[in-house]
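Step one of this worksheet: look at the structure below.
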Amino acid sequence: MKKIPEKASAGPEILSRLADLRANDLQWRSGRVWAYVYPPGDDTEKIQKAAYMEFLSENALDPTAFPSLRHMENDIISMCASHLHGDQDTVGSFTSGGTESCLLAVKTARDWARKERGIKEPEIIVSSSAHAAFFKAAFYFDVKLVNVPVDPKTLRADVAKIQAAITPNTALIVGSASAYAHGVVDPIEELGQIAKKAGVLLHVDGCIGGFLLNYFRELGANVPNYDFAVEGVTSISMDLHKYAYCPKGASVILYKNRELRKHQIFTCAGWNGYAIVNPTVQSTKSGGPVAAAWTTIHSIGNEGYKERARSMLSATQKLCKGIDAIPGLKVIGNPEMCLIAFVAEGLSIFHVIDAINQRGWYVQAQLAAAEGAIPETAHLTVTTMSEALADEFLADLAAIMPEARAAKFGELAATFVPMAKTLSSADMSDDMIRGMLQSAGLGEGDQRAGNPSADVNAILNAMSSEMRERILSVAAGELFKQPV
Ligand SMILES: *Cc1c(COP(=O)(O)O)cnc(C)c1O
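Pasting the structure below:
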C-alpha cells in the first residue's frame, strides 16, 4: 500500500511529476477535443485563474464570514436572472455544477409538494432526453421518476404524452433547453401551459443551453422561448462552467420566487457545533469558483459573449451542413444549440468515431436508447475554438470514411454482441463482468484516455440500459480499485 511520504518533496519536483501524470490526458488546448472542456481563451483564462487563486482558501460556508463572496454570488444570480428574463421576485443560488442545480430543483419540488400540496409520494415527469442528473435526483431523494419517451422524429418532449402522465402526485415537470444528447430545445411554452393548468412546477434544464440560446436568438437563430418569459416556468438551472466559459464548479439554480426557494434551504441549529444554514448541498466550499465566475462574466461582458455566440453559431451551421454533405453521415434532431449528434448510414458510427479519433480528434460516442428508437450517434460540443477548425475537421471526417467503411468488428464484438442482447443483469456475477472487462482491455493499469473501442461500444450498444449500468458500476469499481 502507498504510504504518506515520510519526507517533504520540493515544489518543482512535485510539479514535474504532475506534468508527467498528464501525458495521457486529452489535449484540449488543441481545440480538437469535442467534449468536456470549454476553452475560455488565453486572456480570460489568465484573469479567471488569478481570481480563483485569490479566493481559493476563503470559505463560502458561512455567508456572513466573507461578505465579498456573498456579494459576488448575489451579483451573479441577479445577472443570470435578468439574462433569463426574470423579475424582481426571481431568486437563486450559486452551486458547484449542473448536477447540483438539478438535484436541488428536484429536492425543492419534492418538499414543496409535501408541504404545500400534501402529496406524500411526489412524482416528477421527465422526457427521456432529460439529463442523467434527474435520474440521479430521483434515486437520491427517493422520488418517483416518470420517464416519458421523446417524439422519435423531433427528439423533443412529447407534450401530449407528458400531459397524460400527470397524476395527483405530480410535483414537477422537467423540460430541457437544450437537451445534451441532440442539442434540441423542448416546447417549453406548451409545457408551461400544462404545468400551470395542473398546478405543478416546471423546471427548465438550461444547464448547457440556458446561457447561450438567448444570444443565438438575438443573432437571428430560430430559438423558441425557454426562460422566465414563459408562463408556468418555476425554476431554471444554468451552468456557468459550460458556455459562460467560467472555470469548473460554477452553476446557478434560479426560482420564480422566494416562496419556492425556501424549500431548498437546509438549516441545523440542534447539533453541538455552530448553527448551520446551507442553501445548497455543500457546506465548506472554496470561494474560488464564485470569484472566478464573477470575474469571467465581467471580463468577457455581454458584447464578448455575443461575439462568442456568433462564432459558435457559425461553426455549428458550417459543421451541420458539412456533415450532411458527407455520404453516409447525417445530423439528427435539427439542433438549436451548438451540440451536434450525427448518425452513420450503411456503416457503424463507432468505426467513424474510432477512425476520426485516430487522427487526433476526440469525438464522443452516444449509445442507442429507447430500444433502438433513438440511434447511436457521434456527439460534438462546439466551442469558440471550433470555427477555426471546422474545415479541417470536415476534411478529416470525409477522408476517414473509406477506412471506417472497411473496418470490421473484431472477435470481441463477434463473441459478445449476439449474447449482449439477451444478457440480463441477474444472470451475471461481478466476477463474470470483470472477466468481460479484462478481455475488452479495460483492466488494471490501462492509462489511455478516450473512448472505448468500436468493439466495446458495439457490445454496450446491444445491451439493455440495465445491463450497461451494471457493467459501468463494476467498471467504476475496477478503475478506482485501491490500495495497491
Ligand atoms: C452538463 C449538463 C448537466 C449536468 O451538469 P454537470 O455540470 O455536468 O453536473 C445537466 N443538464 C444538461 C442538459 C447538461 O448538459
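Under my numbering, the first residue of the sequence shown is numbered 618, with each subsequent residue one higher. We treat Cβ as the ideally placed atom computed from N, Cα and C, and that holds for glycine.
Would you call the segment 834-842 in contact with the segment 858-866, where contact means no fewer than 3 C-beta pairs closer than 8 Å? Too few Cβ pairs lie closer than 8 Å, so no.
Would the C-beta of Lys813 count as close to ligand 1, meaning under 7 Å from any of its heavy atoms? no
Please confirm whether any heavy atom of ligand 1 lies closer than 7 Å to the CB of His748. yes
Buried or exposed for Arg773, going by 16 or more other Cβ atoms inside 10 Å? buried
Pull up the distance between the alpha-carbon of Arg927 and that of Phe833, whole angstroms please. 7 Å
Per DSSP, Asp856 forms a beta bridge with which residues? Ser868
In or out: Pro906 buried (at least 16 other Cβ within 10 Å) or exposed? Buried.
Name the residue from Thr998, Gln983 and Leu997 whose alpha carbon lies nearest to the alpha carbon of Ile991. Gln983
If you pair each beta-carbon of the segment 880-897 with each one of the segment 644-659, do three or more pairs fall below 8 Å? no
Closer than 7 Å: is that where the CB of Ser744 sits relative to any heavy atom of ligand 1? Not under cutoff, so the answer is no.
Does the segment 740-754 come close enough to the segment 914-932 that 3 or more CB-CB pairs lie under 8 Å? no
Contacts around Val801, its chain only, beta-carbon distance under 6 Å, and the 5 residues preceding and following it disregarded: Leu772, Arg773, Ser795, Gly950 and Pro952
Enclosing beta strand (DSSP E) for Ser744 [first to last residue]: Unbroken beta strand (DSSP E) run through Ser744: Glu740 to Ser744.
Lys770 - DSSP class collapsed to helix/strand/coil: Of the three classes helix, strand and coil, the one that applies to Lys770 here is coil, per DSSP.
Determine the DSSP secondary structure at Ile893, reduced to helix, strand or coil. strand
Whole-angstrom Cβ separation of Thr998 and Ala750, contact assumed at under 8 Å? Actually they do not touch by this definition, with Cβ atoms about 17 Å apart.
What separation, rounded to the nearest whole angstrom, lies between the Cα atoms of Tyr843 and Pro804? Between Tyr843 and Pro804, the C-alpha separation is close to 8 Å.
Report yes if the C-beta distance between His996 and Gln981 is below 8 Å; otherwise report no. Contact annotation: His996 and Gln981 have beta-carbon atoms nearer than 8 Å.
Helix or strand or just coil, what does DSSP make of Lys761? strand
With contact counted as at least three CB pairs below 8 Å, one residue from each stretch, are the segment 873-885 and the segment 722-730 in contact? yes
Just the Cα atoms here: how many angstroms apart are Ile966 and Thr1001? 25 Å
When the Cα of Leu1096 is compared with those of Arg1051, Glu1083, Arg687 and Gly715, which residue comes out closest? Looking at the Cα atoms, Arg1051 is the closest of the given residues.
With a threshold of 7 Å (Cβ to nearest heavy atom), would Cys1109 be considered close to ligand 1? Absent from the model: residue 1109. The displayed extent of the chain is 618 to 1101, so no value can be given.
According to the Cβ coordinates, are Leu720 and Ile825 closer than 8 Å? no
Sub-8 Å separation of Gly1027 and Asp971 beta-carbons: no
In chain order, what are the residue ranges of uninterrupted alpha helix (DSSP H) at least 4 long that sit wholly in the segment 648-702? 659-671 and 684-700
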